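Undergrad: Have a look at the structure that comes next, please.
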Amino acid sequence: MSFPQHRPRRLRTTPAMRRLTAEYRLDPAELILPAFVREGITEPNPLTSMPGVVQHTMDSLKKAAAEAVELGVGGIMLFGIPAERDAVGSAGTDPNGILNRGIAAVREEVGDDLVIMSDVCLDEFTDHGHCGVLDENGVVDNDSTLEIYGRMAVEQARAGAHVLGPSGMMDGQIAVIRHALDTAGYQDVSLFAYAAKYASAFYGPFREAVDSQLKGDRRTYQMEAANRREALLEVELDLEEGADMVMVKPAMSYLDVLADVAAMSPVPVGAYQISGEYAMIEAAAANGWIDRRRAIEESVLGIKRAGANMILTYWATELAAWLKESK
Ligand code: PBG
């Protein structure tokens, strides 16, 4: 008998063989493009820490959404940057607030051809940058924040969002938002719960993207990087409260958590490849240290392989174009 007896390399001999035997492949339909719309600007505003990503005007946002549809991207996740902020994030509940106007504009542009998602969280709208309102000691007040989330959610649904993404990590937020939506007649608006969301250094560039006013961190409400089992508790609670889909965030440093959640979740699982993950790869590629396209494809494929059914990535449109061209 010749040696070696087993030769796994046989299936790696040609591009056609590798393509045929691939266990996973990416599809534009599973990608979600996060997008920022900023009040009071007349030109898209490029972000230094996220080369290639901009704060959109209403016009450029609509174009980005149309382009995503063209390339078969599955969804868009909208974030708003208001001109004025206050302690309770009033611009978030204002029907004419920038995020709500952005949702309406995108809905008008693409209708039901793209799943329109929006961020239910106060951090973009508060002058202290926290995801909720503060109590007299400056601590984020869970229960008074919930009431605001409920109103915010109803306005986003009214504006035309198909899916809401509660990302504030307040206890009970899914139940309160579900109840608020149902009471207002929005039974068919879905909830994509940021179920296992960790306090992460990799959110850094997002703070520039939304012009965040935050000093300090979010460790009293977002999860500790040290915890794995706790993610399952967060997912179970969100499912019990009515989540239609659940998310793990960030993605690349939490692929074990993603795999755990994918193994137990009866609903679709998403993962968010966040701003810092984007920035790391762009920075290394800009220096010529890694091959940009291969690194992007490999990173997103890794997230899929770990178990994500849906992937939020700032490269969604570009990646969709590559996938189309390689068909
Ligand atoms: C909160 C929110 C954040 C992100 C998405 N939603 C910031 C945070 O929790 O600090 C981060 C996304 C990214 O880094 O790409 N509204």
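Numbering follows this note's numbering, with no gaps: position 141 of the sequence shown is 156. For each residue, glycine too, the CB sits at the ideal point set by N, CA and C. Nothing here was measured: the structure is a model prediction, and the numbers come from that model.
State yes or no: is the C-beta of A210 within less than 8 Å of the C-beta of A172?
TA: As a first step, residue 210 must be located in the sequence shown, where it is residue number 195. As a first step, residue 172 must be located in the sequence shown, where it is residue number 157. No, Cβ-Cβ distance for A210 and A172 is not below 8 Å.
Undergrad: Could you have a look at M262 and say whether DSSP puts it in helix, strand or coil?
TA: Indexing the sequence shown from 1 puts residue 262 at position 247. Note: M262 maps to strand in three-state DSSP.
Undergrad: Return the first residue and the last residue of the alpha helix (DSSP H) that P220 is part of.
TA: For this step, residue 220 is matched to residue 205 along the sequence shown. Its alpha helix (DSSP H) spans residues 219-224.
Undergrad: Span of the alpha helix (DSSP H) holding A3?
TA: Residue 3 lies beyond the range of the chain shown here (16 to 342); nothing can be said about it.
Undergrad: Applying the criterion that 16 or more other CB atoms from any shown protein chain within 10 Å of the CB defines a buried residue, is S17 buried or exposed?
TA: Here residue 17 refers to the residue found at position 2 of the sequence shown. Exposed.
Undergrad: Is F221 near the ligand PBG, going by C-beta to nearest heavy atom under 7 Å?
TA: The residue given as residue 221 occupies position 206 in the sequence shown. It does: the Cβ of F221 is within 7 Å (strictly closer) of some heavy atom of the ligand PBG.
Undergrad: Nearest-angstrom Cα distance between T57 and I96?
TA: Stepping through the sequence shown from its first residue, residue 57 is reached at position 42. Stepping through the sequence shown from its first residue, residue 96 is reached at position 81. Near 14 Å, if we compare the C-alpha coordinates of I96 and T57.
Undergrad: Taking the continuous alpha helix (DSSP H) assigned at S133, which residues delimit it?
TA: Position 118 of the sequence shown, counting from 1, holds the residue named residue 133. Element bounds for S133: not the alpha helix (DSSP H) but the beta strand (DSSP E), 130-135.
Undergrad: Which stretch, first to last residue, makes up the beta strand (DSSP E) that contains R53?
TA: To locate residue 53, count along the sequence shown from 1; it is residue 38. Start and end: 46-53.
Undergrad: For E213, is the beta carbon positioned less than 7 Å from some heavy atom of the ligand PBG?
TA: In the sequence shown, the residue the question calls residue 213 occupies position 198. According to the sequence provided, residue 213 is Tyr. The question's Glu does not apply to it. Outside the cutoff, so no.
Undergrad: Figure out for me which residue from N152, Y39, G291, M167 has the closest Cα to the Cα of Y329.
TA: Here residue 329 refers to the residue found at position 314 of the sequence shown. Considering only alpha carbons, the answer is G291.
Undergrad: Once you ignore the five residues that flank G219 on each side, which residues in its own chain have a CB closer than 6 Å to its CB?
TA: By 1-based counting over the sequence shown, the position of residue 219 is 204. For G219, where only same-chain residues beyond five positions count, the Cβ hits under 6 Å are G291.
Undergrad: Would S182 be called buried (16 or more neighbouring beta carbons within 10 Å of its own) or exposed?
TA: For this step, residue 182 is matched to residue 167 along the sequence shown. That one is buried.
Undergrad: How about M132 and I91: are their beta carbons less than 8 Å apart?
TA: Here residue 132 is taken as the residue at index 117 of the sequence shown, counted from 1. Here residue 91 is taken as the residue at index 76 of the sequence shown, counted from 1. Yes, the Cβ-Cβ distance between M132 and I91 is below 8 Å.
Undergrad: Report the option in D158, T160, L179 whose CA atom is closest to the CA atom of A168.
TA: Residue numbering aside, residue 168 sits at position 153 when the sequence shown is read from its first letter. The shortest C-alpha separation from A168 is found at L179.
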